[in-house]
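A.B. asks: My structure is below; once you've seen it, I'll send some questions.
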Amino acid sequence: MLFLAGCMESGVNFTIRYDAVDGLKNNAPLMHGDQIIGKVNEVIYTDQGNFDVNVTVDESHHTLATDSALFVITDDSKVKGVQIIKLITSDSPGTLIQDQQVIQGSTKLTGIAREVQNQIGESLQSLASSIDQSISTWIDKTAEPTVEQLESELDQLLEEAKALGADAKERIEADVVETIKQHIQRLKQQMDGLNQDDTIDQLEKKVDELEHLMQA
């Protein structure tokens, strides 16, 4: 093997295997978002024609390094011509990577796809919070959002949910759909006797549609 000089560091040390490293150098940062959480210690070209990259993740950030995370070599957005490793998390919790473990790295394209999915998931969570707040204020009589407004928000949620992967759908169903259903049930009780059954039915149909989409 050809060793490109480096050394072991304190923290959690493990190896990421890549087909190509695109000029990745020793001491390059390992990042999550804009935060440096570790570094590259050593780049090794193997007899099999691939690259083993030894990295260290700081102990304080070990919980991010799981077998469901992606480790992608990409351009440093702040330093032209420099490569970094980016850790991209998943909706699935995964198992913590252990000291001296060897894992498979991911391509840049796979990383972009995961980031897009994560962004959509965050957008859905934000939108769901908006719906949650609208229904809560209606129940508490601190505001009177129109049915059209709530239906519009649910329609937007439905449209964005179509692009989600299985893991994200499961999370949205558990964290978002169930919360909205609970609030609509409270709203139903609050409006009992006010001849607003059609209003509630329209909202329930939208939520049922969202739930079915999450289960598809």
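Reading the sequence shown from the start, the letters are residues 115 to 330 in the numbering used here.
Glycine residues also receive a C-beta, built at the ideal position from the N, C-alpha and C atoms.
1. Applying the 10 Å Cβ sphere with the 16-neighbour rule, what's the burial state of Glu-292?
2. What residues in its chain sit with their C-beta under 7 Å from that of Lys-295, if we drop five residues either side in the sequence?
3. Here's the rule I'm using: 16 or more other beta-carbon atoms within 10 Å means buried, otherwise exposed. How should Thr-209 be labelled?
4. Who does Ser-124 pair with in a DSSP beta bridge?
5. Looking at the structure shown, is Gly-225 part of a helix, part of a strand, or coil, going by DSSP?
6. Any chance the segment 217-224 sits against the segment 183-203, with 3 or more Cβ pairs inside 8 Å?
7. Output the boundary residues of the alpha helix (DSSP H) element that contains Glu-284.
8. So, for Gln-214: in the same chain, excluding its five sequence neighbours on each side, which residues have a beta-carbon less than 7 Å away from its beta-carbon?
9. With DSSP run on the structure shown, which of helix, strand or coil describes Gln-247?
10. Tell me whether Asp-315 is buried or exposed, calling it buried when 16 or more other Cβ atoms sit within 10 Å of its Cβ.
11. Please list, in chain order, all residues of the same chain as Asp-136 whose beta carbon is under 7 Å from its beta carbon, the five residues on each side excluded.
12. DSSP state of Gln-218, grouped into three classes?
13. Label Asn-141 either buried or exposed according to how many other C-beta atoms from any shown protein chain fall within 10 Å of its C-beta, with 16 as the threshold for buried.
C.D. replies: The relevant details are as follows:
1. exposed
2. Val-321
3. exposed
4. Beta-bridge pairing links Ser-124 to no other residue.
5. helix
6. yes
7. 280-286
8. Asn-127 and Phe-128
9. helix
10. exposed
11. Ile-187 and Gln-197
12. strand
13. exposed
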